[in-house]
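Throughout, the numbering used here is defined as the position within the sequence shown, counted from one, plus 638.
Ideal Cβ positions, reconstructed from N, Cα and C, are used throughout, including at glycine.
Structure record follows, encoded as structure tokens.
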Amino acid sequence: MEYIPILVLVISFLFLLGIGTPVAWSIAISAVLTMLVSISPLAAFTTVAQRMGTGLDSFALLAIPFFVLSGQLMNKGGIAHRLIAFAKTLVGSLPGGLALINVIGAMLMGAIAGSAMASASAMGSILGPEMEKEGYSKEFGAAVNITSSTIGLVIPPSNVLIVYSLASGGVSIAALFLAGYIPGILTGLLLMLVAMFWAKKKKYKLGERSKLKDVIKTFIDAVPSLFLLVVVIGGIVSGIFTATEASAIAVLYTLVLGFVYKEITFKSLPQILLDSSATTAIVMLLIGASMSMSWVMSYENIPQSISEVLLGISENKIVILLIINLLLLFVGIFMDMTPAVLIFTPIFLPVVTELGMNPIHFGIIMVLNLCIGLCTPPVGSVLFVGVGVAKTSIEKVIKPLVPLFLAMVVALFLVTYFAELSLWLPRVFGLIE
639 MEYIPILVLV ISFLFLLGIG TPVAWSIAIS AVLTMLVSIS PLAAFTTVAQ
689 RMGTGLDSFA LLAIPFFVLS GQLMNKGGIA HRLIAFAKTL VGSLPGGLAL
739 INVIGAMLMG AIAGSAMASA SAMGSILGPE MEKEGYSKEF GAAVNITSST
789 IGLVIPPSNV LIVYSLASGG VSIAALFLAG YIPGILTGLL LMLVAMFWAK
839 KKKYKLGERS KLKDVIKTFI DAVPSLFLLV VVIGGIVSGI FTATEASAIA
889 VLYTLVLGFV YKEITFKSLP QILLDSSATT AIVMLLIGAS MSMSWVMSYE
939 NIPQSISEVL LGISENKIVI LLIINLLLLF VGIFMDMTPA VLIFTPIFLP
989 VVTELGMNPI HFGIIMVLNL CIGLCTPPVG SVLFVGVGVA KTSIEKVIKP
1039 LVPLFLAMVV ALFLVTYFAE LSLWLPRVFG LIE
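As structure tokens, then:
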């Protein structure tokens, strides 16, 4: 096995990250340096630039800017308030009621908007002050908000699952979307159990039990927002339209809904479009750079080398999956989710398929695993948003964050070793055998 390209890639990437180089540029530069081991400078620069361009030449990737825009429209369109009101009538009277509302609201908001940061910002700004008023600590509220906001990346529609489909060579997006529901809901339930236990321990006061008419009223208010899930996922699964077409329909639906709710005006549209464009540009730059690195690793036979090493350690599926999960948890601490999916899918997918694992199952494992990284320093984007919205510090949030973090790890290992949690729904709908 040739170790020099691997060493150049790893050392240069970690060094660039360590000195504060943006992730996308760290990926692209380390890819060029790795190519310089094998070919001339001009050819190395040309190849990496070309691969960045061709990596973005994919019809499936058109779904990302549309889903980003629909998420922005949802965030500005008063959706969060209606979802929180509905969640409050369901669980507001239970121990830790406001924390449970945060989890359910984030699951619904994340599923509709498809953005963990949008969910963390919306839920934190609305529920944070209310939780403080009711006697909850600011740090506990931030910890619940941070962890629960990532669940929307597993529950569809999810941009990251689309990226995984691209990186894996075309795994069915519809099957991935369906596969995310049960793992996402399971993670949410475990977070709610931890939040209830913590609230009982800290003796936070209980809310009032909602009347049936209040439940019905808030549900009716939330139905137009929730119906987007039916339109998007139902249309994709039934084959009426593709994921890309569904993302465009989601934009149209959320735009109309924003005008109906009178939360979006023609005056606010330019800023929404600008914010969406900025987010899309960042994501696409990461994708382009990551695709170039993936190609470089393939050219240098790095995935095959790592696969041989892993299978040389053990051929036991349980052991290999444990090692891969631990490696991904470590990667998630230092790398954003999108590049991590694009870079490590070509490395680990051949290993798990060799062991007989379904690529759809592995996709859910990978995304759920990397969601945990969004909650951890030093690169955890959702952690920084949640702490910023709560106006507290990372050091203070760590203590209440740890038990919630462990709940996510438990969910990850349940999903890893019980494949039917991911594969049952796609199988029911006939998307896999």
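Contact check, residue i vs residue j, beta carbons under 7 Å
i	j	result
Leu635	Val670	The structure shown has nothing for residue 635, since the chain only spans 639 to 1071.
Val832	Ala1045	yes
Ile784	Gly1024	yes
Gly1001	Leu814	yes
Ile874	Ala886	no
Pro795	Val889	no
Ala701	Thr882	yes
Pro988	Ser945	yes
Met1125	Ala758	Nothing can be reported for residue 1125: it is not among the residues displayed for the chain, which extend from 639 to 1071.
Gly766	Gly779	yes
Ala919	Ala662	no
Val1053	Leu1059	yes
Val729	Leu738	yes
Thr1030	Lys771	no
Gly762	Val1027	yes
Ile657	Ile940	no
Tyr774	Leu1063	no
Leu924	Pro984	no
Assigned secondary structure, residue i (DSSP; H/G/I helix, E/B strand, else coil)
i	result
Ser876	coil
Leu655	helix
Ile644	helix
Arg847	coil
Asn954	coil
Met973	coil
Pro660	coil
Leu911	helix
Leu991	Inspection of the sequence shows that residue 991 is occupied by Thr rather than by Leu. Three-state result, Thr991: helix.
Asp1078	With the chain represented from 639 up to 1071, any question about residue 1078 goes unanswered, as that position is not in the structure.
Cys1013	coil
Gly841	Per the sequence shown, the amino acid found at residue 841 is Lys instead of Gly. Lys841 falls in the coil class under three-state DSSP.
Val853	helix
Gly734	coil
Glu770	helix
Ala903	Looking at the sequence provided, one finds Thr at residue 903 rather than Ala. The answer is coil: DSSP assigns Thr903 none of H, G, I, E or B.
Ser945	helix
Ser763	helix
Asn1007	helix
Lys1029	coil
Val1020	helix
Leu867	helix
Asn963	helix
Ile940	helix
Asn808	Reading the sequence as shown, one finds Gly at residue 808 and not Asn. Three-state result, Gly808: coil.
Ser676	coil
Ile1070	coil
Candidates the options: closest to residue i by CA position
i	options	result
Glu953	Leu967, Arg689, Met995 and Ser876	Met995
Leu959	Phe986, Asp913 and Pro941	Phe986
Leu866	Lys1034, Ile717, Ile665 and Gly1001	Ile717
Asn910	Leu680, Leu647 and Leu711	Here the sequence assigns Ile to residue 910, which means Asn is not the residue at that position. Checked all of Leu680, Leu647 and Leu711; the closest Cα to Ile910 is Leu711.
Val648	Ile961, Leu967, Pro984 and Met931	Met931
Asp859	Phe724, Ile956 and Gly743	Phe724
Phe972	Gln688, Leu654 and Ile642	Leu654
Asp852	Thr727, Val646 and Leu1063	Thr727
Met1004	Ala1028, Leu993 and Phe1051	Phe1051
Phe1022	Asp974, Lys839, Thr659 and Met922	Asp974
Ile998	Met690, Lys714, Leu804 and Ser668	Leu804
Cys1013	Leu1061, Val1053 and Val969	Val969
Thr880	Lys714, Ser810 and Pro643	Ser810
Ala698	Val979, Gly656, Tyr1055 and Tyr802	Tyr802
Leu694	Thr917, Met929 and Arg847	Met929
Leu829	Thr788, Ile1070 and Lys840	Thr788
Glu768	Lys855, Ile902 and Tyr842	Tyr842
Val934	Val1040, Met673, Val1027 and Ser696	Met673
Phe897	Lys714, Trp1062, Ser676 and Lys855	Lys714
Leu965	Glu992, Ser863, Gly1011 and Lys905	Gly1011
Tyr891	Thr692, Ser863, Tyr937 and Lys955	Ser863
Pro981	Ser664, Tyr641 and Thr659	Here residue 981 turns out to be Ile, not Pro, going by the sequence shown. Cα-wise, what sits closest to Ile981 is Ser664.
Leu799	Leu1008, Leu1039, Phe1043 and Lys905	Leu1008
Residue range of the alpha helix (DSSP H) that includes residue i
i	result
Val1047	Ile1032 to Tyr1055
Ser787	Lys776 to Ser787
Ile887	Ala881 to Val898
Glu608	The requested residue 608 does not occur in the structure, where the chain is confined to residues 639 to 1071.
Gly716	Looking at the DSSP string, Gly716 is not in any alpha helix (DSSP H), and its letter there is neither H nor E.
Ile800	Asn797 to Ala805
Val792	Here Val792 belongs to no alpha helix (DSSP H), and DSSP marks it neither H nor E.
Leu816	Ile811 to Ala817
Ala698	Looking at the DSSP string, Ala698 is not in any alpha helix (DSSP H), and its letter there is neither H nor E.
Val686	Pro679 to Gly693
The ligand MG heavy atom lying under 6 Å from the CB of residue i
i	result
Leu746	Within the structure as shown, the ligand MG is missing, as the structure has no ligands at all.
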